[in-house]
Amino acid sequence: MTHATNDSSPVRFDTRIAVLLREDLEPWQRLNVTAFLVSGLGTELPEVIGEPYADADGTAYLPMFRQPVLVFEGSKETLSAAHGRALARELPVAVFTSELFGTGNDRDNRAAVRAVPRERLDPVGLAVYGPRNAVDKVLKGARMHP
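Quick note on my numbering: the sequence shown kicks off at 12 and runs consecutively.
Next up, the structure:
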């Protein structure tokens with residue numbers, strides 16, 4: 012992260028957190044998939060998490076990501092291509108496949124993904140983290156979520 016010493020200067024990040032959703036998801040699915048996907052980043056990449064929050068009364072709140080999360084959408088083909096590019100670049104990736112809409116817990120979710128070879132996965136969403144330019148290349152063909 013690069014930033015000047017004065018608190019009012021803009022903070023610029025050398026990295027990017029991005030979520031890519033398949034364009035044909037229902038609104039509730041988009042929200043659910045996004046929440047699941049980003050939950051994996053903070054557990055494996057502690058550098059993406061900022062400091063805890065507190066209000067003026069001293070009430071403590073959990074820390075959140077230290078930088079914005081950009082949300083994109085794309086076709087099934089765009090998502091499959093992005094999945095392959097993210098893996099080829101060895102970037103940290105969280106994946107949500109269509110099969111996970113039929114499961115109801117973490118154990119069954121992991122089993123559903125494990126049952127399908129990588130080239131046959133049907134991702135409906137993915138989250139990726141890494142250098143800005145690498146993430147931008149992974150997301151080629153996607154557009155910002157409306």
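For every residue, glycine included, the Cβ atom is placed at its ideal position computed from N, Cα and C.
If distances are taken between C-alpha atoms only, which option among the options comes closest to residue i?
i      : options                          : result
Thr89  : Phe24, Arg23, Ser19 and Ala153   : Ala153
Pro157 : Ile28, Thr26, Arg27 and Leu32    : Leu32
Ala92  : Gly53, Glu130, Trp39 and Arg41   : Glu130
Val146 : Arg118, Arg125 and Pro103        : Pro103
Ala46  : Lys148, Ala138, Ser19 and Val149 : Ala138
Thr26  : Asn43, Pro57 and Tyr140          : Tyr140
Asp117 : Gly51, Ala65 and Pro57           : Gly51
Give the straight-line distance between the Cα atoms of residue i and residue j, rounded to the nearest whole angstrom.
i      : j      : result
Asp133 : Arg96  : 15 Å
Glu37  : Val106 : 18 Å
Ala29  : Phe112 : 21 Å
Asp35  : Lys87  : 8 Å
Thr70  : Pro128 : 47 Å
Quick one, are the C-beta atoms of residue i and residue j less than 7 Å apart?
i      : j      : result
Pro79  : Glu62  : no
Val59  : Phe76  : yes
Ala123 : Thr114 : yes
Which whole-angstrom value is the C-beta distance of residue i and residue j, which I expect to be below 8 Å?
i     : j      : result
Leu81 : Gly136 : Not confirmed; about 13 Å, so no contact.
Just grab the DSSP bridge partners of residue i for me.
i      : result
Thr26  : Pro142
Pro134 : Thr108
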